[in-house]
Each structure stands twice: as C-alpha cells, then as structure tokens.
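Participant: One line per chain: the protein sequences are A and B, in this order. Every number in my numbering is 18 more than the matching position in the first sequence, counting from 1. Every number in my numbering is 220 more than the matching position in the second sequence, counting from 1. Backbone N, C-alpha and C define an ideal beta-carbon position, used for all residues, glycine too. Here the structure is a predicted model, which means the values were calculated and not measured.
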Amino acid sequence: MGIFNRLLILGILACLLSSPVMEANPGGNGDGTRDFACGGSCHADPDVSQPSSAVISLNSDRESTFVGGPLTITADIYGMELSEKRLVGVFLTTGTFGVDDSPDNSGWTILSDTNGGSSNYVESYVLDSDEGVSVSWSLIAPSVEGFTTFHIGIHHGGEGIARLADTNDQGGVLVSVGPIPENFPQLTDWTPITQRGIGEVTNIQAKMMNVTTASIEWKITGSQTISSIDAEDTPNGWEAELPTALADGSMEYRWRISNSEFETTTAWTTLSSDSSSTVDVNPARLLMLALAMITASVLISLQRFMAEDLITSKPQKTSFESSKDRTFQNTSSKISLDDPRRPVGWSDEQWIHYGPDHLASLGGDV
Amino acid sequence: MVSMGVFHAISTEMVVGSFAIAALSTVICTMATLVPTLDARISPRLHSHLDSAAYISSIFGVLMIPAAIVTGYLTSESMGGQSSMSLSKMVFSGLCIGFWSGVISGRRLCGYRLWEHRGLSILQGVSASLGFIMTIILGSIGGQLGRGETALDLLPFDLGIYTPPSIGFVPAFVLFVFSVLTLGVVLFTQSRPIIE
C-alpha cells in the first residue's frame, strides 16, 4: 500500500474520530445563574425551537416563610423528548419573561441546588424520559417581606431541535415572606456543605439563637425515609456528623431546631458525594496499571515454574499435538519410509506428508 | 452525527465477543485435559481448533481493550465527566488486562503442549474464566452508567462492584512502582523454559 493511501486512510479515521468532538454544545453550558432566555440561546428563539412535551410538577415545602427564613422548591419533570445527549437544563425563576428572572434578582439566596452547587440553572442527564428527573433548590428568603411566585423552565433537545417548557400556564408557586416571630429559633451563622468526597467524614456545624434542641435530618435523594441525628451544643456552635458516603450519589439534609415555643426546620440542602470535578482519576489509573502488571506477573511466574515439567517430559504423540504434527503421525502409520517408490531427493517429512498423494497419483496403494 | 458512544459500543462488543470465544475455548480445552472421557469425545482436530481460537481471540480481545478504554473515556467525557463508577471500570480493566495477558503468555510460552500439563491447563482455564468475569463486570458497570440498569441486577445480592476502592495518589503510586518491579523481576530474572 502506497504512502498516499496510508495517509488517506489515517485522515479518514481522524475525521471519523474527531467528528463527535466538533458537535455544538455537546454537554450543555453547565450549571450557573442564568435567566430563562439563557443569553439568547437556540431554545429561547421561537424560530429555531419547539415546545417540549415535558410535564412539570412544581412544589414547595411551605407556603410561607419569614425574612431570612428557609424554603425548599422541588420540581419533578418527565415525559420530555430527549436528545442523544439526554441532557435537560432546568431553571428556577421568579418569572417567565426571560430577563432578570433568576431568584437572586428578587432577593432570594440559593443555598444549594440539586447538583451540590448554588445555581438557579442546573443540568441533569435523564436516562428514561418516563422516569424523568427530580430537581430541588434550598433557598433563603429575602430581607424584605412580600410575595414571590416561583416558576420552573426547562431547556433540552429532542428530535433534532431545541425545545423549551415552563410553568407559566400552571401559575407557578406563590410563597409569602412575613416577619420573624419573637423568640423564633434561627440559624445565625451557617454555610451549608454541598459537596464532599467519598469516604470523607462530614461534620455539620452551625451557630444558632433561641435554640434548646437541634438535630440533623437526612435522607437519600429520591427516598422518603428520613433519619435523624442529634446535634451537640459545643463552644463552636451546634455540631452533628453525617454518615460517610461510600459511593457517588447525593443526599439531602436539614436542621430541625426548636425551643419551648417553636419548632422549625431549615430547607433541605443537597449534599453531593461525587461530581465530575472532584473525581481524581490519577490514582485509579495507577491502580489499573498496577493490577494489570501484578496479575500478569503472578500468572507468568506460575507458568514459568510449572512449564519446567514440560522440558523434562517428551511431547506426547497423542491427541495433544499440533495439527501439523498430527497429520504426520496419521500418515506415517500408513506409509513406509523405505518404500522404493519414494522419489529421489524427497526428505522424510516430504515423503510422509506428500507420499500418499504421490502414490495415489501413480495408481498404487500405500 | 455518529457519537463516541457508538464507537465505544463497537469496540466493547468486539472485546466481549473475542473474550467469550477465548474463555469458552480455553475452558473446554482445560476440561479435556482434566476429564479423559471428555478428551476422548473431542477429536484432535477440534481440540487444535479450540486452542487456536482461544489464542487468537484472546490476543484480538486484548488488542481491542485500548480502543474500548479510549472510546469509553471520550464517551464519559461527553456524558458529564468521570464518576466513581468510571473509576471502578478502570480498576476492573486492569484486572481484565492482567488475566488475559496471563492467558496469552501461557499459551505463547508452552505452545500447544500447554494442554499436556494438568497444572498449566487449570491455571489457563482459571485465568480465562476470571478474565471473562472481569469482562462481564466491566460490561455491567457500563450498563449502569449508560442505562442505569444491568442484567447483574437480577442477582439476589449486591456485588459491590460499583464502589471504587478508596485509594490516594501516594499508595496507588507505591503499588504501581511495586508492580513494575514485580513484573521486571519475573520477566528478567526468572528463567524462561524453552518448550519444544
């Protein structure tokens, strides 16, 4: 094959391998604080997008909160068309007009999102459209009393076109923000932990006021079973230790705080025990190479040790022969090396192998 | 547009198919060595073909593993990056490569006479079986990553294969150095018997 042909084939292979990399936005745009219009993306452009078939169910854990109080918003989304990437982007907004509609524009603070960040826009991979995806946000109310209507918007692909949907027709979820009751138990200084490594001990610590008992409630994301861990009052504040994560996934936790008059909870905070950005693959790569070499070393060593027996023993001229040898054996039993019909100059091997055919061509018997 | 997942599917199917042939052929040859009645039922020609099939397909499978790893890595990148299950895949890939390298090494060292020795035959059969189990586990983890389910979910117990071993960089590096030294000692200091 000429050098030109080789280069041509290499070029074609390189094109084939690089083509998926050159797709537009193959992995979405990543989590972040975004308006529903998403900076004029294809999804928000009616000329190049279509409505989504998704069904969006929007819920909040309470209808009213207080200034600086907690709120958890949950959205269950299913039935959407899916692109090859199976990526769905979900927005939590305080409107559906597309601009300045993220909750921070209304004074709300996002403590955690479902991916362990603090963004109003999160991306999720949906394996099964019927099962869909569940997304939740933990928020802190603004410092001003009032009313806020929350909406969910989604952007995704499907059947080769950008798609979008929102909860505008449903009316969203209305949450009122009122004044703080007197002697109400509150967290005064707490930064929630939203990410941790596998096998890591997670200590949750917070400073509180008007609190006599505190505990941490936690559940595996998607599960309804809630477990509780009592917190201890230490000089550094109230402390509790969450169970260690043994695999990737996420859990949700919240404080349950009380005094003689009131009992309340914070919003559910999502704690992700793994993410693409925190996984260090280098130890695993080294481990892979080490296991491959150690396994091969042990096997090779055993094989060399046991193969010594084969040196001392003669090859068995039985069924365990190569096919070539076996052919020699099968024919050697039928043909004599001293046969006078053997042509001059033929070696023993040639005679054993080709002799029967030669004799057959002469019309004689073996 | 053909996604990297398609190339990964192609390469993994070739790996799994090759190893399935290799494992089946190797196990039959091993059984023939251990069970004389089975040996009597298998013709020498069939035995020879099974041996050749095991050897060639295991070589082909090992050669295809890098393609499966590269396409798998690129697929996971396009699906949102590496997860802990990807790390499990890496670990089991190492074991898979090790076992199948051992299978190829044994056949290359002893040739067809490998099947004359009961111990070597058992070692070859066990290596191929474990190598194929690693291949099944890798496929199962891939199923969990891609579809969220695997046929191994039917098992009544948890295999624990989706949780990677928690190991830091330094212990992994020490183990890597140790493995390099081990392989070097075996290859360069242990005498290599010449089998006729």
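Under a three-way DSSP split, which group does serine 319 of chain A fall into?
Facilitator: Residue state for serine 319 of chain A is assigned as helix, using DSSP reduced to three classes.
Participant: Give me the subset of the stretch 309–324 of chain B whose CB atoms are less than 7 Å from a CB atom of chain A, sorted by chain position.
Facilitator: Taking 7 Å as the Cβ-Cβ cut-off against chain A, the residues of the stretch 309–324 of chain B that qualify are Met310, Val311, Ser313, Gly314, Leu315, Ile317, Gly318, Phe319, Ser321, Gly322.
Participant: My guess is that tryptophan 320 of chain B and serine 272 of chain B are in contact by the Cβ rule of under 8 Å, so how many angstroms apart are they, rounded?
Facilitator: Wrong, their Cβ atoms sit about 16 Å apart, outside the cutoff.
Participant: Would you give the residue range spanned by the beta strand (DSSP E) that serine 67 of chain A belongs to?
Facilitator: 67–69
Participant: Are any of the Cβ atoms in chain B nearer than 7 Å to that of proline 88 of chain A?
Facilitator: no
Participant: In chain B, which residues lie less than 7 Å from arginine 303 of chain A when you measure between Cβ atoms?
Facilitator: Met310
Participant: Let's test the definition: count the other Cβ atoms within 10 Å of the Cβ of leucine 375 of chain B and tell me whether it reaches 16, buried, or not, exposed.
Facilitator: Exposed, by the Cβ-count rule.
Participant: Taking the Cβ atom as the reference point for each residue, do serine 156 of chain A and serine 130 of chain A lie within a distance shorter than 7 Å?
Facilitator: Yes, these two residues count as a Cβ contact at 7 Å.
Participant: Which residues in the same chain as isoleucine 230 of chain B place their Cβ atom closer than 6 Å to its Cβ, once the five residues preceding and following it in sequence are excluded?
Facilitator: Hits under 6 Å: none found.
Participant: Determine, using beta carbons only, whether threonine 212 of chain A and glycine 134 of chain A come nearer to each other than 7 Å.
Facilitator: yes
Participant: Could you compute how far the alpha carbon of threonine 112 of chain A sits from the alpha carbon of alanine 93 of chain A?
Facilitator: 14 Å
Participant: If the cut is a Cβ gap below 9 Å, which residues of chain A does valine 406 of chain B touch?
Facilitator: Ala314, Ser315, Val316, Ile318, Ser319, Arg322
Participant: Answer with yes or no whether the minimum CB distance from glutamate 326 of chain A to chain B is below 7 Å.
Facilitator: yes
Participant: Give a yes or no on contact between the stretch 272–284 of chain A and the stretch 367–385 of chain B, applying the rule of three or more CB pairs nearer than 8 Å.
Facilitator: no
Participant: So, at 8 Å on beta carbons, what are the nonlocal neighbours of glycine 189 of chain A in its own chain, with the 5 sequence-adjacent residues on each side left out?
Facilitator: Thr167
Participant: For proline 286 of chain B, does the three-state DSSP call read helix, strand or coil?
Facilitator: helix
Participant: In chain A, what lies closer than 9 Å to glutamine 410 of chain B by C-beta?
Facilitator: Ile318, Ser319, Arg322, Phe323
Participant: Please classify glutamate 336 of chain B as buried or exposed, where buried requires at least 16 other C-beta atoms within 10 Å of its C-beta.
Facilitator: buried
Participant: For isoleucine 387 of chain B and proline 197 of chain A, I'd like the C-alpha separation in whole angstroms.
Facilitator: Straight-line Cα distance between these residues: approximately 50 Å.
Participant: Could you please tell me which residues of the stretch 223–257 of chain B, in chain order, have their CB closer than 9 Å to any CB of chain A?
Facilitator: Ser223, Met224, Gly225, Val226, Phe227, Ala252, Thr253
Participant: Check whether the stretch 239–257 of chain B and the stretch 342–349 of chain B touch, using three or more Cβ-Cβ pairs below 8 Å as the test.
Facilitator: yes
Participant: When we look at the beta-carbon of asparagine 254 of chain A and count the other beta-carbons within 10 Å, is it buried (16 or more) or exposed?
Facilitator: exposed
Participant: Following the continuous alpha helix (DSSP H) through glutamine 344 of chain B, name the residue where it begins and the one where it ends.
Facilitator: 338–367
Participant: For phenylalanine 22 of chain A, which three-state DSSP category applies?
Facilitator: The three-state reading of DSSP puts phenylalanine 22 of chain A in helix, counting H, G and I together.
Participant: Where do the N-terminal and C-terminal ends of the alpha helix (DSSP H) with isoleucine 230 of chain B fall, by residue?
Facilitator: 224–254
Participant: Report the neighbours of arginine 261 of chain B on chain A: residues whose CB is nearer than 9 Å to its CB, in chain order.
Facilitator: The premise fails here: arginine 261 of chain B is roughly 11 Å from chain A at the closest Cβ pair, so nothing lies under 9 Å.
Participant: How long is the line joining the alpha carbons of proline 44 of chain A and glutamine 242 of chain A, rounded to whole angstroms?
Facilitator: Confidence at proline 44 of chain A is low in this model, with a pLDDT of 46, below 50, so its placement is unreliable and no value can be given for it.
Participant: How about isoleucine 21 of chain A: is its Cβ closer than 6 Å to a heavy atom in the ligand NAD?
Facilitator: Of the ligands one can find in the structure shown there are none, so the ligand NAD has no counterpart to examine.
Participant: When we look at the beta-carbon of phenylalanine 389 of chain B and count the other beta-carbons within 10 Å, is it buried (16 or more) or exposed?
Facilitator: exposed
Participant: Run through chain A and tell me which residues come within less than 9 Å of glycine 292 of chain B, C-beta to C-beta.
Facilitator: Within chain A, no residue comes near glycine 292 of chain B; the closest Cβ sits about 12 Å away, beyond 9 Å.
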